[in-house]
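Using numbering that gives the first Met the number 0, the letters of the sequence shown correspond one by one to residues 0 to 91. Take a look at the structure set out below.
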Amino acid sequence: MAKMIIAIDGFSSCGKSTFAKALAKELNFIYIDSGAMYRAVALYALQNDLVINGEIMQDELINRLNEIKIEFKLLYFQLNIFSCKQKSLPKN
């Protein structure tokens, strides 16, 4: 059986994350915050000098994707050894 992936798109602040979290909980799915993943990869690029004059060195970043370890916890994500904490608890 193929795995189901549900993507939700919409305007800023329209409730996408709230809806996605509730739906994932109801269906017993894993909720993945793709925006947080993108920000974690951007942070990796900044920390590893892969941004020059505001441009990401895409080929080098692609070559290093296997080095990037992102682990999501309830209140923060951990990128390799660096942790980013949320400022407040998400409202559910």
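Even for Gly, the Cβ is constructed at its ideal location relative to N, Cα and C. All figures in this text were calculated on a predicted structure; none of them were measured in a lab.
A direct Cα-Cα distance of roughly 35 Å separates N62 from L22. DSSP, reduced to helix, strand and coil, places I55 within a strand of the structure shown. The Cβ atoms of I67 and A35 do not sit closer than 9 Å to each other. For S33, the enclosing alpha helix (DSSP H) stretches over residues S33 to Q46. I7 sits in coil when the DSSP states are folded into three classes, being neither helix nor strand.
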